[in-house]
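**Q** Have a look at this one.
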Amino acid sequence: KGSLFHLIFSCFTIPTSTDKIRLMNGIDSCSGRVEVLRDGQWGTVCDDGWDLSDAAVVCREMGCGNVIEAKGAAYFGQGSGPIWMDDVNCTGTESSLMNCRTGGWGTHNCQHSHDSGVICNGEPKILICTFVKILIVKYTMIWELINGDNSCSGRVEVLYNETWGTVCDDGWNLSDAAVVCREMGCGDVIEAKGAAYFGQGSGPIWMDDVNCTGTESSLMNCRTGGWGTHNCQHSHDSGVICLLPDIILQYRCIS
């Protein structure tokens with residue numbers, strides 16, 4: 001049997017931050033559209049009343065120093081999903097945006113054309129390097145995430161009998177995705193994606209009706225309809241979005 005060897009090494013910088021807030025579409029990691037995570041779903045903040053005091057809290061929470069500008073009117077592009085916060089009213093001294101007064105979670109009179117953003121003067125604080133080495137000598141099954149924004153998001157693919165294939169989204173949920181994230185060394189799950197969110201794969205559809213409890217060490221330990229047994233098209237390929245590892249250097253080796 002032949003060997004397959006892939007070597008991927010990438011480094012990027014992120015600010016010191018929590019796993020409940022992020023900045024999107026900025027020119028660096030200390031600027032962008034403000035998004036918050038609630039009930040497992042990322043959403044935006046309406047710009048009603050959004051000012052420097054509110055933005056200052058975000059900059060500090062993200063480890064990005066002082067605020068330069070508070071942006072509104074979807075300056076960094078329109079988000080998607082819920083608009084989680086509106087009428088935010090911070091004093092500017094809070095340690096987290098979650099501690100500021102608002103109109104209530106999910107209560108708003110906004111459109112995404114009013115998404116808020118910030119520009120901070122800080123620099124990213126942490127260098128993250130991910131080194132992935134895949135060496136197949138005798139094993140016949142391995143996982144990978146394809147077409148994601150980073151190594152911890154993408155379409156779920158499995159190598160079985162020397163052929164890469166996909167996983168159908170029938171019943172695909174956070175419990176199933178959590179197993180993939182943990183198995184890939186990518187921390188907790190953020191979202192379970194279906195409907196070929198990361199593009200359609202090719203080759204066999206190896207798994208369908210996946211049913212994990214969420215505690216399994218590997219997706220191969222979850223119940224399925226049987227290898228290669230499905231009623232799917234690739235338009236229903238499954239994917240995951242996981243939290244990035246919070247360590248400085250991560251090695252993930254399979255041999």
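Following full-length UniProt numbering, the numbering of the sequence shown begins with 1 at its first residue and continues without gaps.
Ideal placement from N, C-alpha and C gives every residue a C-beta, glycine not left out.
The structure displayed is predicted, hence computed values, not measured ones.
Could you pull the DSSP bridge partners for Met24 from this structure?
**A** For the purposes of this step, residue 24 is identified with residue 24 of the sequence shown, where counting begins at 1. DSSP, once it has assigned bridges, lists Arg33 as partnering Met24.
**Q** Where does the unbroken alpha helix (DSSP H) through Val57 begin, and where does it stop?
**A** For this step, residue 57 is matched to residue 57 along the sequence shown. Taken as a continuous stretch (DSSP letters only), the alpha helix (DSSP H) holding Val57 covers 52-61.
**Q** Note the first and the last residue of the continuous beta strand (DSSP E) segment covering Leu174.
**A** To locate residue 174, count along the sequence shown from 1; it is residue 174. From DSSP, Leu174 is part of no beta strand (DSSP E) but of the alpha helix (DSSP H) over 174-183.
**Q** Rank Ala196, Thr102, Gly226 by C-alpha distance to the C-alpha of Asn147 and give the top, closest one.
**A** Position 147 of the sequence shown, counted from the first residue, corresponds to residue 147. Here the closest residue by C-alpha is Ala196.
**Q** In chain order, what residues of the same chain lie with their CB nearer than 6 Å to the CB of Asp176, ignoring the 5 residues before and after it?
**A** To locate residue 176, count along the sequence shown from 1; it is residue 176. These residues qualify, in order along the chain: Val210, Cys212.
**Q** Taking Cβ to Cβ, would you say Ala74 is nearer than 9 Å to Arg33?
**A** Position 74 of the sequence shown holds residue 74. Position 33 of the sequence shown holds residue 33. Yes. Within cutoff.
**Q** Just to confirm, is the Cβ distance from Leu52 to Gly26 under 9 Å?
**A** The residue you call residue 52 lines up with position 52 of the sequence shown. The residue you call residue 26 lines up with position 26 of the sequence shown. Their beta carbons are not under 9 Å apart, which means Leu52 does not touch Gly26 by this criterion.
**Q** Along the beta strand (DSSP E) that carries Asn121, what are the first and last residues, could you check?
**A** The residue labelled residue 121 in the question sits at position 121 within the sequence shown. Unbroken run through Asn121: none, as it is neither H nor E.
**Q** What's the gap between the Cα of Gly106 and the Cα of Glu162?
**A** Taking the sequence shown and counting its residues from 1, one reaches residue 106 at position 106. Taking the sequence shown and counting its residues from 1, one reaches residue 162 at position 162. Roughly 47 Å separates the two Cα atoms.
**Q** Using 10 angstroms around the beta-carbon of Trp44, count the other beta-carbons present and answer buried if the total reaches 16, otherwise exposed.
**A** Against the sequence shown, residue 44 aligns to sequence position 44. According to the sequence as given, residue 44 is Thr; it is not Trp. Counting Cβ neighbours within 10 Å, Thr44 comes out buried, since at least 16 surround it.
**Q** If you draw a straight line from the alpha carbon of Asn221 to that of Val158, how long is it in whole angstroms?
**A** Counting from 1 along the sequence shown, the entry for residue 221 is found at position 221. Counting from 1 along the sequence shown, the entry for residue 158 is found at position 158. Distance between the alpha carbons of Asn221 and Val158: 13 Å.
**Q** Using the Cα positions of Gly79 and Val189, report the straight-line distance between them to the nearest angstrom.
**A** Taking the first residue of the sequence shown as position 1, residue 79 is located at position 79. Taking the first residue of the sequence shown as position 1, residue 189 is located at position 189. Spanning the two alpha carbons is a distance of roughly 20 Å.
**Q** Report the three-state DSSP secondary structure of Ser153 (helix, strand or coil).
**A** To locate residue 153, count along the sequence shown from 1; it is residue 153. Correct three-state label for Ser153: strand.
**Q** Let me check you understand the geometry: is the CB of Val36 closer than 8 Å to at least one non-hydrogen atom of the ligand PLP?
**A** Of the ligands one can find in the structure shown there are none, so the ligand PLP has no counterpart to examine.
**Q** Ordered along the chain, which non-local residues of its own chain (more than five positions away) have a Cβ less than 6 Å from that of Asp48?
**A** As a position in the sequence shown, residue 48 is number 48, starting the count at 1. Contacts found: Asp86, Asp87.
**Q** Could you tell me the boundaries of the beta strand (DSSP E) in which Cys242 lies?
**A** Counted from its first residue, the sequence shown places residue 242 at position 242. Start and end: 239-242.
**Q** How far does the beta strand (DSSP E) with Ser147 in it extend, from its first residue to its last?
**A** To locate residue 147, count along the sequence shown from 1; it is residue 147. In the sequence under discussion, the amino acid at residue 147 is Asn, which differs from the Ser named in the question. From DSSP, the beta strand (DSSP E) with Asn147 extends over 141-147.
**Q** Return the residue from the list Cys168, Ala192, Glu69 that minimises the CA-CA distance to Trp42.
**A** Indexing the sequence shown from 1 puts residue 42 at position 42. Nearest option by C-alpha distance: Ala192.
**Q** Using a threshold of 9 Å, state whether the C-beta atoms of Cys120 and Ser31 are closer than that.
**A** Along the sequence shown, read from residue 1 onward, the residue named residue 120 stands at position 120. Along the sequence shown, read from residue 1 onward, the residue named residue 31 stands at position 31. In this structure, Ser31 lies closer than 9 Å to Cys120 by Cβ.
**Q** Could you give the DSSP three-state label for Asn211: helix, strand or coil?
**A** Sequence index remark: in the sequence shown, residue 211 carries index 211 (1-based). In this structure, Asn211 counts as strand in the three-state DSSP scheme.
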